[in-house]
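One line per chain: the protein sequences are B and P, in this order.
Sequential numbering of the first sequence, starting at 1, is according to my numbering.
Sequential numbering of the second sequence, starting at 151, is according to my numbering.
The C-beta atom is built at its ideal place from N, Cα and C for all residues, glycine as well.
This structure is a prediction, so every number in the text was calculated from the model and none was measured.
This report refers to the structure that appears directly beneath it.
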Amino acid sequence: MDRDGERIEITISSRFENIELVQVIAEHLCENAGLDEDGSHWIGMAVREAVANAIKHGNKLDVRKKVNATFHLHDHELEIKISDEGAGFDPASIGDPLNPQNLMKTSGRGIFYMKTFMDQVRYSFAPGGGTSLVMTKNLAKGTGVASSKV
Amino acid sequence: MKATPRTVDGVEVIKLDGKITIGSGDQQLREIITSALNQGKTKILLDMSGVTTIDSSGIGELVGSYTTVTNRGGKLKLLHLPAKLNELLHVTQLITVFEVYENEGEAVKSF
């Protein structure tokens, strides 16, 4: 099936149990576009991390605040945008989880996983509040997992 | 997430089944480890074969559990890592932290 130009949008309230809804959409979209199960899983994982951050750190678990996700597939390029209603943050303040000082920290790996599994990850912050994360992945290039399989 | 503990030669072998994700399983894992430690069980082997999904929060809880057990003078090791969990531990270099086994007998002996 030709999925070129496919655009899907979903808006959820800020509840952790809604994360999987968005993850499943991402995985199905990738599988329908011809990506294998592993590749689809890792993109779904990046989406899971992005939505979890939007709910927890962006919207601070306020169920009245929404998280919007859009998926746009065009010419093998998948663009995923996750937006929240939070106050934003400084991406530079997030430490490198591979730094030995951070290795045993219990948090701080979500953005790292997104960057590992996607080609590009960038944030933008609206002046009146709200954070948007845009991630892209060229589905023709495979899974893009950084480490070797064991 | 479901946890099924049993004792093998003084080692608490805990089989985990289900999801260890934010808001679902991550806090449970912490409680399971705390409960074992409070019962004096400091040799802990987590059988991960039944873990279906894990995210960065779940990975964080694994790291926190490792630290908690180590700080109490104990040891926490992992058994039967699913391939995707193995991958997540590799990319974050946490695979260098955990002792991982594929054979329960060997894992139990290693304590």
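Those residues which DSSP pairs with residue i across a bridge
i, result
"G168(P)", "V201(P)"
"H72(B)", "R7(B), E79(B)"
"N138(B)", "E77(B)"
"I12(B)", "V67(B)"
"R122(B)", "V134(B)"
"T154(P)", "K165(P)"
"I194(P)", "E162(P), L226(P)"
"V250(P)", "L228(P)"
Rounded Cβ spacing between residue i and residue j (contact assumed at less than 8 Å)
i, j, result
"L179(P)", "I209(P)", "The Cβ separation is near 11 Å, so there is no contact."
"E148(P)", "L195(P)", "The question about residue 148(P) has no answer here: the residues shown for chain P are numbered 151 through 261."
"T242(P)", "F112(B)", "7 Å"
"D167(P)", "G200(P)", "3 Å"
"L29(B)", "F89(B)", "About 28 Å separates the two Cβ atoms, so there is no contact after all."
"D96(B)", "K65(B)", "Not a contact, Cβ separation roughly 29 Å."
"V67(B)", "V51(B)", "6 Å"
"I172(P)", "K56(B)", "7 Å"
"E77(B)", "T136(B)", "6 Å"
Listed by chain order, chain B residues near residue i by CB distance under 7 Å
i, result
"L217(P)", "In the sequence under discussion, the amino acid at residue 217(P) is Thr, which differs from the Leu named in the question. Residues of chain B passing the Cβ test: M104."
Closer than 8 Å at the beta carbon, the chain P residues around residue i
i, result
"I98(B)", "Checking the sequence, you will find Leu at residue 98(B) rather than Ile. Within 8 Å Cβ-Cβ: T242, Q243."
"T116(B)", "V241"
Boundaries (first-last residue) of the alpha helix (DSSP H) holding residue i
i, result
"V63(B)", "Element bounds for V63(B): n/a, residue is neither H nor E."
"S207(P)", "206-221"
"T116(B)", "110-117"
"K234(P)", "233-241"
"D176(P)", "176-188"
Proximal residues of chain B, C-beta to C-beta of residue i below 8 Å
i, result
"I172(P)", "F16, I19, A52, K56"
"G214(P)", "T106"
Per-residue contacts from residue i into chain B (C-beta, under 9 Å)
i, result
"V247(P)", "L103, M104"
"K234(P)", "D38, H41, W42, M45"
Residue i - containing beta strand (DSSP E), residue span
i, result
"A177(B)", "Beyond the ends of chain B as shown, which are 1 and 150, falls residue 177(B); an answer cannot be given."
"K225(P)", "225-229"
Residue i: contacting residues in chain P (beta-carbon distance under 7 Å)
i, result
"R64(B)", "The contacting residues do not exist; R64(B) stays about 18 Å from chain P at best."
"G110(B)", "S206"
"E49(B)", "D205, S206"
Check distances from the C-beta atoms of the stretch 186-212 of chain P to those of chain B and list, in chain order, the residues that come in under 8 Å.
D205, S206, S207, I209, G210, E211
Listed from N- to C-terminal order along the chain, which residues in the stretch 123-138 of chain B have their beta-carbon within a distance smaller than 9 Å of any beta-carbon of chain P?
none
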